Amino acid sequence: MVTVKWRPGLSGWQREPLSEMNRLRREMDRIWDSLSGTRRSGSISGAGVFPPLNVSEDVENVYVRAELPGVAAEDMEITTKDNNLVIKGERKIPTEGENVSYHRRERESGSFRRIISLPTQVDNEGVSAVCRNGVLTVTLPKAAKVKPRQVEVKSD
Amino acid sequence: MSDKELQVRGKQEAPADREQTRPGPVFMPAVDIFESGDVITLLADVPGVSSDRINIDVREDQLTITAEIDPQKSEEERYLLHEYETGMYQRAFSLSDRVDQSKISATMKDGVLRLDLPKAEKAKPRRIEVKTD
């Protein structure tokens with residue numbers, strides 16, 4: 000008997016940019032992940048600690064990003080120690096005066112603290128952090144000894 | 000520091016009621032909506048959106064917010080950990096009161112949109128005097 004694996008990526012659907020199909024697939028992935036307890040990249044769950052982080056690297060740096068809308072830069076504290084990065088802060092939602100009646104209240108205030116161990120050694124001195132439009136980006140330069148070094152070949 | 004700790008809440012995907020020109024997820028921003036006197040105020044969390052890429056549309060009693068994001072990560076970067084997705088934002092509301100479109104003001108700060116929607120004259124509550132003969 001020949002079994003054909005169901006792979007949506009290879010079927011005819013891929014030719015059409017059906018966003019609804021993609022959305023459904025992501026939703027299915029998420030349900031599947033929550034049942035099987037596994038985690039794949041791209042799923043939303045993560046470590047379950049606020050804020051969710053995206054960590055990426057290029058040749059020079061490691062980048063840690065978090066979406067922190069409404070958190071002022073002065074309410075954030077970023078520290079590096081050994082090979083750990085600590086992001087902590089508080090999201091304040093100012094009260095809107097008296098005589099205000101709410102229709103919806105979905106945004107939450109509170110404090111957060113997250114520690115992440117970095118995948119490579121970084122140069123603690125050169126770490127910089129920028130918050131732009133509510134997205135925090137921490138740039139951590141890789142330590143010189145873990146950076147790839149091109150060795151020039153000399154001819155006699 | 001407040002005692003309350005923030006919890007992770009997955010981004011809510013918007014119902015796909017219309018097709019997007021660009022593929023990718025569309026998220027529903029979390030909002031606060033409140034009214035005080037003559038103004039309805041809406042606050043929406045739209046991290047990653049710069050003020051020139053947000054579109055606010057008010058017609059009749061329908062308010063639609065659409066926002067595009069700039070990519071956070073450059074092409075050369077490789078993901079090591081991917082806990083949240085990014086995509087455009089969209090959310091629509093029906094307004095209970097008529098809004099004076101000429102007086103809407105919108106501001107963006109730290110990834111939060113603030114919309115002040117002043118009620119139109121006729122929508123303002125009027126106290127009706129009961130006369131006695």
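Protein chains in written order, with numbering that gives the first Met the number 0: chain A, 0 to 155; chain B, 0 to 132. Even glycine gets a Cβ: it sits at the ideal position worked out from N, Cα and C. Bear in mind the structure is a predicted one, so any value in this text is a computation, not a measurement.
Length-filtered (3 minimum) beta strand (DSSP E) runs lying within the region 67-102 of chain A: 75-80 and 83-90, all fully within the region 67-102 of chain A.
query: Would you say S110(A) and K91(A) are within 7 Å of each other, going by their C-beta atoms?
result: The Cβ atoms of S110(A) and K91(A) do not sit closer than 7 Å to each other.
- prompt: How big is the Cα-Cα spacing for N60(A) and S50(B)?
  reply: The alpha-carbon atoms of N60(A) and S50(B) are separated by roughly 28 Å.
- prompt: Looking only at C-alpha atoms, which of N123(A), E89(A) and N21(A) sits nearest to M75(A)?
  reply: Taking the Cα of M75(A) as reference, the smallest distance to any Cα among N123(A), E89(A) and N21(A) is reached at E89(A).
- prompt: Would you say G109(A) faces chain B, with C-beta separation under 7 Å as the test?
  reply: Among the CB atoms of chain B, one or more fall inside 7 Å of the CB of G109(A).
- prompt: If you count every other CB in all the chains shown that lies within 10 Å of the CB of I127(B), and 16 or more means buried, which is it?
  reply: Label assigned to I127(B): exposed.
message: So E66(A) and Y83(B) are supposed to be a Cβ contact under 8 Å. How far apart are they, rounded?
response: Contact between E66(A) and Y83(B) holds: CB atoms are separated by about 6 Å, below the 8 Å threshold.
- prompt: For T138(A), which beta-bridge partners are listed by DSSP?
  reply: Per DSSP, Y62(A) and S127(A).
- request: Output the boundary residues of the beta strand (DSSP E) element that contains V45(B).
  value: V45(B) -> no beta strand (DSSP E), and no H or E assigned at all.
query: With a cut-off of 7 Å, does the C-beta of E76(A) fall near any C-beta of chain B?
result: No, E76(A) does not count as interfacial toward chain B.
- request: Could you say if the region 108-128 of chain A and the region 38-55 of chain B meet the contact criterion of at least three C-beta pairs nearer than 8 Å?
  value: Too few Cβ pairs lie closer than 8 Å, so no.
field: Closest by C-alpha distance to P50(A), when choosing among W31(A), L23(A), V70(A) and K146(A)
entry: Answer by Cα proximity: V70(A).
- prompt: Tell me which same chain residues have a C-beta within less than 6 Å of the C-beta of A128(A), skipping the five on either side of it?
  reply: Once the five neighbours on either side are set aside, the close Cβ partners of A128(A) are I77 and V137.
message: Please identify, using Cβ separations under 9 Å, the residues of the region 41-55 of chain B that lie next to chain A, in order along the chain.
response: Correct list: L41, L42, A43, D44, V45, P46, G47, V48, S49 and S50.
- request: Report yes if the CB atom of P68(B) is closer than 7 Å to the CB atom of V38(B), and no otherwise.
  value: One detail in the question is off: residue 68(B) reads as Ile in this sequence, not Pro. Not a contact, by the Cβ cut-off of 7 Å.
- prompt: Is DSSP giving S154(A) helix, strand or coil here?
  reply: In the three-state DSSP reduction, S154(A) falls in the coil class, being neither helix nor strand.
field: Residue nearest to V25(B) in terms of C-alpha spacing, selected from R8(B), D115(B), L79(B) and M87(B)
entry: It is M87(B).
message: Just to confirm my understanding: we take P68(A), look at its own chain, exclude 5 residues before and 5 after, and list those with CB closer than 7 Å. What are they?
response: Answer for P68(A): G133, listed in chain order.
- request: Using a threshold of 7 Å, state whether the C-beta atoms of T65(B) and Q89(B) are closer than that.
  value: Between T65(B) and Q89(B), the C-beta gap is smaller than 7 Å, which places the two residues in contact.
- request: Decide if K102(B) is buried, meaning its Cβ has at least 16 other Cβ atoms within 10 Å, or exposed.
  value: With fewer than 16 other CB atoms across the displayed protein chains lying within 10 angstroms of its CB, K102(B) is exposed.
Selection of the region 70-103 of chain B by Cβ proximity to chain A, strictly under 9 Å: Listed in chain order, the positions of the region 70-103 of chain B with a beta carbon within less than 9 Å of a beta carbon of chain A are Q71, K72, S73, E75, E76, R77, Y78, L79, L80, H81, E82, Y83, E84, T85, F92 and S95.
query: Closest to E97(A) by CA distance: which of P46(B), D99(B), S35(B) and A29(B) is it?
result: The option with the nearest alpha carbon to E97(A) is S35(B).
- request: Kindly examine the ligand FAD and report whether one of its heavy atoms sits closer than 6 Å to the Cβ of R90(B).
  value: Among the ligands in the structure shown, none appear at all, so the ligand FAD cannot be discussed.
Member of F92(B), T40(B) and E120(B) whose CA lies at the smallest distance from the CA of V57(B): Relative to V57(B), the option among F92(B), T40(B) and E120(B) whose CA is nearest is F92(B).
- prompt: My guess is that V45(B) and P28(B) are in contact by the Cβ rule of under 8 Å, so how many angstroms apart are they, rounded?
  reply: So it is a contact: roughly 5 Å between Cβ atoms.
query: So what's N21(A) in DSSP terms, helix, strand or just coil?
result: In the structure shown, N21(A) sits in a helix (DSSP, three-state: H, G or I).
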